[in-house]
Amino acid sequence: MIQPRACQEQDDNLRDVTLSTQRLRVLPSAVLSNPALESLDLDRNKLRSITGISKLCNLKKLMLSKNEIVDFPSEIRSLVCLEKLELNQNQIRVIPEGVFAHLPRLKHLRLNNNRLSALPSDLAACQGSLQYLNISNNLFRTFPRPVLQLGHLQELYVQNNALRQLPKEFFQGQSLKMFKANGNPLREPPSEVCAGGIQQIRNYFSQLQYSSGQEDKRVKAMFLGASLAGKSTICKSLKQGQTKLVPKEERTVGIEISEFQIEDFTFLFWDFAGQLEYYMTHHVFITPQALVILVINLHMYQTNEKTFKELVGFWINNLSMRVPNSVVLPVGTHVDCCEEEEVEEKRHDIMTKISAMLTERKRNLAHFINNLEGSEEPEIYVDQWEKLKEMESRTLKVLNLVAVNCTNHYDIRKLEATILKHVKNEDLFPEVVRVLPPIYRQVEAAIIDITQSEEMANHGMMDLQYLLSKLSQCKHLASLGRELLQDILRYLHRIGLVVWYEEIKHLESTVFLQPTFLITMFKLLVRYCLAQQLESIPVDTLIGEHATIRDRSNWVWTFKSKAMLCHRAVRALVKHQLSSEGMRDVFEEIMGYKPHRGRGKLFSLLEHFELCLEVRHTEVLNPHASEFVPGKPWETTRGQGESWYLFPTYLNQTEEVSEVWGGDHPEDLHIRAYFSPEIPEGFFQRLLVKACSFYSTHWVAKVTCLLICNGKPLLIKENNQRAYSYLELRCRKPAERMGFQVAWDFLMAVVFIVQKLAEEWPGLHVCMKSPCRTAGCPAELIWPDMDGTNAVTKEDVKTCGTCRHRFGTELLLPKVPRKLEEPRMQTSAHYYVTSYGTTTFGHSSIHVNQQNISSE
Ligand SMILES: Nc1nc2c(ncn2[C@@H]2O[C@H](COP(=O)(O)OP(=O)(O)OP(=O)(O)O)[C@@H](O)[C@H]2O)c(=O)[nH]1
1375 MIQPRACQEQ DDNLRDVTLS TQRLRVLPSA VLSNPALESL DLDRNKLRSI TGISKLCNLK
1435 KLMLSKNEIV DFPSEIRSLV CLEKLELNQN QIRVIPEGVF AHLPRLKHLR LNNNRLSALP
1495 SDLAACQGSL QYLNISNNLF RTFPRPVLQL GHLQELYVQN NALRQLPKEF FQGQSLKMFK
1555 ANGNPLREPP SEVCAGGIQQ IRNYFSQLQY SSGQEDKRVK AMFLGASLAG KSTICKSLKQ
1615 GQTKLVPKEE RTVGIEISEF QIEDFTFLFW DFAGQLEYYM THHVFITPQA LVILVINLHM
1675 YQTNEKTFKE LVGFWINNLS MRVPNSVVLP VGTHVDCCEE EEVEEKRHDI MTKISAMLTE
1735 RKRNLAHFIN NLEGSEEPEI YVDQWEKLKE MESRTLKVLN LVAVNCTNHY DIRKLEATIL
1795 KHVKNEDLFP EVVRVLPPIY RQVEAAIIDI TQSEEMANHG MMDLQYLLSK LSQCKHLASL
1855 GRELLQDILR YLHRIGLVVW YEEIKHLEST VFLQPTFLIT MFKLLVRYCL AQQLESIPVD
1915 TLIGEHATIR DRSNWVWTFK SKAMLCHRAV RALVKHQLSS EGMRDVFEEI MGYKPHRGRG
1975 KLFSLLEHFE LCLEVRHTEV LNPHASEFVP GKPWETTRGQ GESWYLFPTY LNQTEEVSEV
2035 WGGDHPEDLH IRAYFSPEIP EGFFQRLLVK ACSFYSTHWV AKVTCLLICN GKPLLIKENN
2095 QRAYSYLELR CRKPAERMGF QVAWDFLMAV VFIVQKLAEE WPGLHVCMKS PCRTAGCPAE
2155 LIWPDMDGTN AVTKEDVKTC GTCRHRFGTE LLLPKVPRKL EEPRMQTSAH YYVTSYGTTT
2215 FGHSSIHVNQ QNISSE
């Protein structure tokens, strides 16, 4: 029977009972007979009702998250002392009137992940007490009116509903400190404004007091597809309203951006280069809420799996992972080079294969969900189950393929009409129309004037303060303050018109008025044939950087063998490339003014987007290293020689890591992170950058990486095969029992870096498994949820369902057995990476800022 953890040990006055994850269907009578109870945690059970709870009239906290409640339990009205109520992740549709009127002390209410579309009006009775309300992931179409009266509310979460509008009255009070509304088709204020936070929303509404809002109809269209598909041709033809054939030699480098009008819609076209080398920057530029135009050269297309994968499948997979809610319009070009039936046959083949891909994705997700539901303990997989369910609800909308001959004016007009028809469809694009205060448009127009003016430098970079003074010179913008300008820039950044990375310290006061230049910066170091570029740096450029031909040879050697470049090499390379593109004048601006000092804007960008990593590259002992004196702070010696940067994209060897690791051993602690549908392009390289910033002793290679922590090695290997993509993590089996804690902490830290990174691909499913330790046994153990509140698993021994061998749990999972004499821990150890640089192990955490580690 049930073993209520706390109840077992309870004395008569027990006030706090935890009964989570017990598969309860009814409340145990032992609990109901304890009226002194103040806190009852019933998370993750199978409760449909909580009959009898009204007896617990002293209850202050009631947690019922992740149960099977459909009808709101009205008995809660008797719990008049209640301060905290959690009913999230149930199936509640309606909350009756007459419950909250009796809960005047309620401070904290979680109702997220239910099916609510309204709140009862008596919720207003909690206005003196309620501070936290979460109604995210429900079905609200309008903002619930009772919330307007909650004058003490400090946190409100309404994400992932169907809200179109937020009421300005709600933002008039000053108590609100946290508000999240992403995932709603908001027009007023638009999501891009809401993303700026409460103050930006308040400013937005106060602007609307002076003049009424204007409708802005704007669409970002991204042209994706393989090289030479015809992306630039379509983009330019649509822009100019006539056929505009692009010569073959004029390949797109990086991304090109252009803006134009069709009727009253403003289109921002992002034309992505099709060459593989640029895929590394896609995570920066492929953003949600855009119309994706997937361009396919029908002449090149063959009705076989291989060309489908290359020209279409690759993109569909990437879009499903990165922007799973997108609308995709496939456009087939070169129909003039095909027979009429051929076009039809290929169109049919492409559409059939795309829908087969989407069906397969759905089937895989359903299969994962079934696996979890059918497992022996489904309740320990609730988080994974929910994430899969959410993923299942998001799918690409792929429209019918339009076949065009780009040399034909009529076909271009036809394509234009099709695009317009789709963007006018509110079901497809609920967020196309945004209501904005007129000042937003005025600032935008003034910025466009500035960028087109004579005095504007080619690079389009401008200091924020200078921009403000320029804009203030415009007649109607004289009163524009810094805060409002920042709001508007944030908005323009989110819609893609300017680029302003305020979150990067080094760039917070630089606005890129022409985003194309930013892409020019990226492609200085993320490009095809970088080694040849390095080899061709002319002697006078080398001399300018105090380098010799011999240095250049060394740079080439280190780059080819280790994918590393030193600071001087980067400077010389960038100078050389800028000169050959006639942009030598921006060199100092982007690389910093003095050699060896100051890293310049380029590195801030590359590091922020995890494209490179500053590494140590010392081959000799350092005679200047400071002496370690026990009890005194020890400082690592910095500034020894030059900085080196690792560019994992260009790694091509694997031997070095294998040599240091010394080969796999059957005894190793061994786990796998499975990726579905596949490991995204650039994922592994970015993982290397992240993980190696945490662990400064590391060896890296093309598909493997070895990290060292406390002298212990951890190996990460990538295996990206179709339908079998995983990262393998290995540690040596510890010699004694307590060594497991250290090994699992290390593995877990990397697992959390993997999971954190995977969040950037909302359509990507990552599942952790431990293979059975019997040689040849194919069984794998799926890891339970790691939500920090539950012990990973209760047993100390696991039996393999296939080979029936029994193993100590610590060999398979991060569950380390307690020593017998050890007292029971109050809370289970938990781990998470809260932001880029913080990781928590059990009860302590470390903050990592690049390679500086400090404990908190
Ligand atoms: N005959 C014919 N030629 C086309 C058509 N569409 C594009 N082209 C030609 O195909 C070549 C490649 O077109 P682009 O528009 O440069 O292709 P892209 O997809 O931008 O290529 P990348 O810059 O490599 O990414 C150009 O020479 C175009 O003139 C078409 O429908 N018919």
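In our numbering, the protein residues as written are 1375 to 2230. Positions of the beta carbon are idealized from the N, C-alpha and C atoms, including for glycine.
Using a threshold of 7 Å, is the CB atom of residue i nearer than that to any non-hydrogen atom of ligand 1?
i, result
"residue 1487", "no"
"residue 1779", "yes"
"residue 1647", "yes"
"residue 1788", "no"
"residue 1775", "no"
"residue 2031", "no"
"residue 1710", "yes"
"residue 1620", "yes"
"residue 1580", "no"
"residue 1605", "yes"
"residue 2182", "no"
Secondary structure at residue i, three-state DSSP: helix, strand or coil?
i, result
"residue 2148", "coil"
"residue 1902", "coil"
"residue 2033", "helix"
"residue 2093", "strand"
"residue 2113", "helix"
"residue 1671", "strand"
"residue 1533", "coil"
"residue 1457", "coil"
"residue 1498", "helix"
"residue 2070", "coil"
"residue 2063", "helix"
"residue 2087", "strand"
"residue 1967", "coil"
"residue 1618", "coil"
"residue 1720", "helix"
"residue 1437", "strand"
"residue 2078", "strand"
"residue 2122", "helix"
"residue 1443", "coil"
"residue 2234", "The chain is shown only over 1375 to 2230; residue 2234 falls outside these bounds and no answer can be derived."
What residue does the beta strand (DSSP E) around residue i start on, and which one ends it?
i, result
"residue 1517", "Residue 1517 -> no beta strand (DSSP E), and no H or E assigned at all."
"residue 1482", "1482 to 1484"
"residue 2172", "2171 to 2173"
"residue 2099", "2098 to 2105"
"residue 1635", "1629 to 1636"
"residue 2047", "2043 to 2050"
"residue 1413", "1413 to 1415"
"residue 1987", "1987 to 1989"
"residue 1882", "Here residue 1882 belongs to no beta strand (DSSP E), and DSSP marks it neither H nor E."
"residue 2182", "2180 to 2182"
"residue 1391", "1390 to 1392"
"residue 1507", "1506 to 1508"
"residue 2155", "2154 to 2156"
"residue 2020", "2018 to 2020"
"residue 1642", "1639 to 1646"
Of all Cβ atoms in chain B, is any one closer than 8 Å to the Cβ of residue i?
i, result
"residue 1539", "Protein chain content of the structure displayed is limited to a single chain, and chain B is not contained in it."
Between which two residues does the alpha helix (DSSP H) carrying residue i extend?
i, result
"residue 1830", "Per DSSP, residue 1830 belongs to no alpha helix (DSSP H) and is neither H nor E."
"residue 2189", "Neither: residue 2189 is in no alpha helix (DSSP H) and is coded neither H nor E."
"residue 1433", "Element bounds for residue 1433: n/a, residue is neither H nor E."
"residue 1982", "1974 to 1982"
> Of all the alpha helix (DSSP H) runs that stay within the bounds of the region 1553 to 1605, which reach a length of 4 or more residues?
Replying inline: 1565 to 1568 and 1572 to 1584
>> Just to confirm the assignment: which complete beta strand (DSSP E) runs, minimum length 3, are found wholly within the region 1730 to 1813?
In response: At a cut-off of 3 residues, the continuous stretches assigned as beta strand (DSSP E) that sit fully inside the region 1730 to 1813 are 1807 to 1810.
> Unbroken beta strand (DSSP E) runs of length 3 or more, entirely within the region 1912 to 1960: which are they?
Replying inline: 1938 to 1940
> Which ranges does the beta strand (DSSP E) cover as unbroken runs of at least 3 residues, wholly within the region 1835 to 1863, from first to last along the chain?
Replying inline: 1835 to 1837
> Mind pulling the beta strand (DSSP E) runs of 3 or more residues that sit fully within the region 1658 to 1706?
Replying inline: 1665 to 1671
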